[in-house]
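S.K.: Which chain is which? The protein sequence lines are L and U, in order. Under this note's numbering, the first residue of the first sequence is numbered 333, with each subsequent residue one higher. Under this note's numbering, the first residue of the second sequence is numbered 333, with each subsequent residue one higher. Quick one: the structure is below, questions incoming.
2 protein chains.
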Amino acid sequence: MTPGVHTTGEGATLARGPGRPRDARAGVAILEAAARVLAAVGPQGFTVDAVAASAGVGKATIYRRWPTRATLLLEAASRLGLELTDPDTGSLRDDLVEHLVALGTKLRTTPSGPMLAGIISEAAVNDEMRPHLRRWVTERRAVAQATVERGVARGELPAGTDVGRLLDLLGGMVFFRFLTNGPAVERPEVEWLVDTVLAGARSAASVPADGSPDPA
Amino acid sequence: MTPGVHTTGEGATLARGPGRPRDARAGVAILEAAARVLAAVGPQGFTVDAVAASAGVGKATIYRRWPTRATLLLEAASRLGLELTDPDTGSLRDDLVEHLVALGTKLRTTPSGPMLAGIISEAAVNDEMRPHLRRWVTERRAVAQATVERGVARGELPAGTDVGRLLDLLGGMVFFRFLTNGPAVERPEVEWLVDTVLAGARSAASVPADGSPDPA
DNA sequence: TCGTTCCGAAACTGTTGCGTTCCGTAAAGA
DNA sequence: TCTTTACGGAACGCAACAGTTTCGGAACGA
């Protein structure tokens, strides 16, 4: 079909065929504009025209790089921050507090918050979106998972602790408050949250649940 | 403007002016169809044409009762079930288990689940939708709130317990799992959840958080 | 210089959906 | 019977949006 094809979103000047090479700055501007639009109006209101206008770019320049609206939307969404860093203070309790404070803050101050809300509703109706949502959640959880497992290894939690459940319990409250527009979970409340759940996890371990291991 | 006006969604035969009275069955059929459509495609895909077709009704008949798509959508959404009943077994632990099992089941088996997901994403972008979402959540929480307060009165939890926080913690995990398409929270896991949180709430009470009282 | 591919901008096509209007018909009161 | 308002159904105007094409012009290799 197209001669010097390079369908990666990356607009680097890699043209092999003849003719004018692609302008790398156009590709960057498009992705930045896509992130702006996505954060402003969410996935449902995300339009290619708006991205083109915001980037100062013709629509053809977008469609030369991304074949459909959906591909551009997904790439912009996957780049939207909420990167969690492992605090590793040596104390499981303090690590979790830092994690959850950062989670709450980033949900409310970065585009990832509205974006997540949009993806969730899209996934509720659109089967195609569900794996993307699941993957996004799982990737963010992996960092915190390592944190908790380290705590278990240090003996701060019983050996048989179900880490996945614990993370859903801790993060669930922060996500729930954010998604339902409740009051922000500030640091003092996070400390209560972590202390309560850790205390419960330690004491409840003596009465093991007979439930399924939950392969999350 | 219109002569025998009765702009309530209710299609009861209350016409005072001359002419043929409104058919009550049409109004009922429209609301039922609206609920079906809403559950099937969510608020974003909710179209008046689809409701009219599903109800076997002309669009004019809909617009005679609801002035805009939004009013019909909100009325249909507000009627979508997820009514929680207070078990009142005499044990706080057992009451909470029943509450949360019912919550998880209804989210996954009634239209209220997809509907909630759609409302959440709409609220993330649309300021007008936020109060409706907040109200919906608060109303559902009221029943569980009474349950926990009864438990506090019985001495099953310390007197100073922040009931709102506790509910967000308990419900948060169930909502989170549902909204992110994680594995269902079945009864054994609910029992672990309740036992863990109650144990934590009892022991953490000795170390009161210095945080804000959180007026939820 | 020539051919090719890029650029931003704009026009265009086709679809979808809101809200309105008109049709022929039905059900009420006067 | 006559007037008024309802009904289902269909058409219409209008706007928004995805994706394509066309335009004049610019940047590369041959």
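Beta carbons: idealized from backbone N, C-alpha and C, even for Gly. Computed from a predicted structure; not experimentally measured.
#1: Below 7 Å on C-beta distance, what does F378 of chain L contact in chain U?
#2: Which ranges does the alpha helix (DSSP H) cover as unbroken runs of at least 4 residues, wholly within the region 412-467 of chain U, from first to last along the chain?
#3: Does DSSP put L489 of chain U in a helix, a strand or coil?
#4: Between which two residues does the alpha helix (DSSP H) holding D381 of chain U run?
#5: Shortest alpha-carbon distance to R486 of chain U belongs to which of U:E415, U:L370, U:T421?
#6: What's the gap between the Cα of V480 of chain L and the Cα of G374 of chain L?
#7: For the region 498-509 of chain U, enumerate the residues whose C-beta is nearer than 7 Å to any C-beta of chain L, in chain order.
#8: Does the contact criterion of 3 or more C-beta pairs under 8 Å hold for the region 514-525 of chain U versus the region 415-432 of chain U?
#9: Report yes or no: is there a C-beta of chain L within less than 8 Å of the C-beta of A531 of chain U?
#10: Compute the Euclidean distance between the alpha carbons of R425 of chain L and L530 of chain L, then round it to the nearest angstrom.
#11: Could you give the C-beta distance for L502 of chain L and Q477 of chain L, rounded to a whole number, given that I count them as a contact under 8 Å?
#12: Closest to R472 of chain U by C-alpha separation, out of U:P353, U:V517, U:T417, would be which residue?
#13: Would you tell me roughly how many angstroms separate the C-alpha atoms of A361 of chain U and V433 of chain U, rounded to the nearest one?
#14: Which term fits A409 of chain L, buried or exposed, when burial requires 16 or more other beta carbons within 10 angstroms of its beta carbon?
#15: I'd like to know whether the C-beta of T437 of chain U is nearer than 8 Å to at least one C-beta of chain L.
#16: Would you say E402 of chain U reaches chain L, if we count a Cβ-Cβ gap shorter than 8 Å as a contact?
#17: If we count the other Cβ atoms within 10 Å of its Cβ and call it buried at 16 or more, is P350 of chain U buried or exposed?
#18: Would you call the region 460-467 of chain L in contact with the region 455-475 of chain U, where contact means no fewer than 3 C-beta pairs closer than 8 Å?
#19: Residues of the region 406-429 of chain U with a CB closer than 8 Å to any CB of chain L: list them in chain order, please.
#20: Measure the alpha-carbon distance for T393 of chain U versus A358 of chain U and round it to whole angstroms.
#21: For a quick check, are the C-beta atoms of L489 of chain U and A449 of chain U less than 8 Å apart?
#22: In three-state terms, what does DSSP make of R357 of chain U?
#23: Specify the secondary structure class of D494 of chain L as computed by DSSP and reduced to three states.
#24: For a contact meaning CB atoms closer than 7 Å, what does L465 of chain L contact in chain U?
#25: Under a Cβ-count criterion, where at least 16 other Cβ atoms within 10 Å of its own Cβ denotes burial, should G343 of chain L be classed as buried or exposed?
#26: Might you give, ordered along the chain, the residues of its own chain that have their beta carbon closer than 8 Å to the beta carbon of A367 of chain L, omitting 5 neighbours on each side?
#27: For G450 of chain L, return the contacting residues in chain U, with the cut-off set at a CB-CB distance below 7 Å.
#28: Where does A516 of chain U sit, in a helix, a strand or coil, going by DSSP?
#29: Reducing DSSP to helix, strand and coil, say where T400 of chain U ends up.
M.R.: Put simply:
#1: Under the 7 Å cutoff, chain U gives no residues; its nearest Cβ is about 10 Å from F378 of chain L.
#2: Look at the region 412-467 of chain U and you find these whole runs of alpha helix (DSSP H), each 4 residues long or longer: 424-441, 444-457.
#3: For L489 of chain U, the secondary structure class from DSSP, reduced to helix, strand or coil, is coil.
#4: Segment 380-387, the alpha helix (DSSP H) holding D381 of chain U.
#5: Comparing alpha-carbon positions, the option among U:E415, U:L370, U:T421 lying closest to R486 of chain U turns out to be U:T421.
#6: Spanning the two alpha carbons is a distance of roughly 33 Å.
#7: Residues D500, L501, G503, G504, M505, F507, F508, R509.
#8: Touching, per the Cβ criterion.
#9: By this cut-off, A531 of chain U is an interface position.
#10: When rounded, the distance between both Cα atoms is 8 Å.
#11: Going by Cβ atoms, the distance from L502 of chain L to Q477 of chain L rounds to 11 Å, so no, they are not a contact pair.
#12: Out of U:P353, U:V517, U:T417, the CA that lies nearest to the CA of R472 of chain U is found in U:T417.
#13: For the pair A361 of chain U and V433 of chain U, the Cα-to-Cα distance works out to about 32 Å.
#14: Around the C-beta of A409 of chain L, 16 or more other C-beta atoms lie within 10 Å, and the residue is accordingly described as buried.
#15: Under the 8 Å criterion on CB atoms, T437 of chain U is classed as non-interfacial with respect to chain L.
#16: It is Ala, not Glu, that sits at residue 402 of chain U in the sequence shown. A402 of chain U does not count as touching chain L.
#17: By the 16-neighbour rule on beta-carbons within 10 angstroms, P350 of chain U is exposed.
#18: These segments do not touch.
#19: Those residues of the region 406-429 of chain U that come within reach of chain L (Cβ to Cβ, closer than 8 Å) do not exist; the list is empty.
#20: Spanning the two alpha carbons is a distance of roughly 8 Å.
#21: Here L489 of chain U is not near A449 of chain U, since their CB atoms are 8 Å or more apart.
#22: Per DSSP, reduced to three states, the secondary structure at R357 of chain U is helical.
#23: D494 of chain L falls in the coil class under three-state DSSP.
#24: By Cβ distance, chain U contributes T512, N513.
#25: The predicted model places G343 of chain L with a pLDDT of 37, which falls under 50 and marks its position as unreliable, so this point remains unresolved.
#26: Around A367 of chain L, the same chain offers A408, R411, L412, P443 as residues with beta carbons nearer than 8 Å, after the five sequence neighbours per side are excluded.
#27: Those within 7 Å of G450 of chain L in chain U are S453, A456.
#28: Under the three-state reduction of DSSP output, A516 of chain U falls in the coil class, being neither helix nor strand.
#29: When secondary structure is reduced to three states using DSSP, T400 of chain U falls in the coil class, being assigned neither helix nor strand.
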